[in-house]
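Residue numbers (the numbering used here): 17 to 185.
First the structure, in the form of structure tokens, and then the observations on it.
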Amino acid sequence: MGKEIERKFIAKPLDYSLLGSGVHYHQGYIPTRNGMTVRIRIAGDKGYVTLKDRVVGFSRNEFEYEIPLDDARQMLRLLCEPRQIEKIRYRIPSSSPGLTWEVDVFLGDNHGLILAEMEVPSEDTPFELPDWILREVTGQHGYNNNALANHPYKEWTDDEKANGPIQTK
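Below, the structure written as structure tokens:
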């Protein structure tokens, strides 16, 4: 079992391809009734199924398995909610040793939103913020990809864009 411990931030718009390599992601969510997340993802030319439990602090248990690409395509089409996420993810080395930023430049209904995540080995791991980070949004549910699939950035009010989306669970 893996444990995901991540911090999430709003990032400035810029050409992230100058800082790291990008991969196209397409992902959808299988509905659950227990607060868990079941995600189907295509990252580049690979398919994945991921199961996550509820967040406690900055952490949650995560199980991720590679699946055949054709299976992932069929699951996205047949099992996932119709609203799905598309983004380009850039992996950018951090100035903090051993850490890497993942910057998601959203496409489609979430175009205009740029989020940066830092997965850390523990909740108290220190790391430096680059100048392209605007503000932290860790723990704000509306910035989770599953929430963005259900309430995409294009539907946010001006107040939500300035202060974060309305918290719905």
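From the three backbone atoms N, C-alpha and C, an ideal C-beta is built for every residue, glycine too.
Tell me whether the beta-carbon of residue i lies closer than 8 Å to the beta-carbon of residue j.
i           : j           : result
residue 126 : residue 92  : no
residue 159 : residue 123 : no
residue 26  : residue 42  : no
residue 153 : residue 32  : no
residue 150 : residue 136 : no
To the nearest angstrom, report how far apart residue i and residue j are at their CA atoms.
i           : j           : result
residue 52  : residue 109 : 30 Å
residue 171 : residue 177 : 10 Å
residue 97  : residue 47  : 7 Å
Which residues bound the alpha helix (DSSP H) around residue i?
i           : result
residue 35  : Here residue 35 belongs to no alpha helix (DSSP H), and DSSP marks it neither H nor E.
residue 177 : 174 to 179
residue 164 : 161 to 166
Exposed or buried, residue i, counting other C-beta atoms within 10 Å across all chains shown (16 or more means buried)?
i           : result
residue 181 : buried
residue 45  : buried
residue 155 : exposed
residue 55  : buried
At a cut-off of 7 Å, is residue i close to the ligand MN when judged by its beta-carbon and the heavy atoms of the ligand?
i          : result
residue 35 : The ligand MN is not part of the structure shown, which contains no ligands of any sort.
In terms of residues, what are the limits of the beta strand (DSSP E) holding residue i?
i          : result
residue 53 : 53 to 59
**Asked** Taking only runs of the alpha helix (DSSP H) that begin and end inside the region 63 to 131, which ones reach a length of at least 4 residues, in chain order?
**Response** Runs of alpha helix (DSSP H) with 4 or more residues, each lying fully within the region 63 to 131, are found at 85 to 94, listed in chain order.
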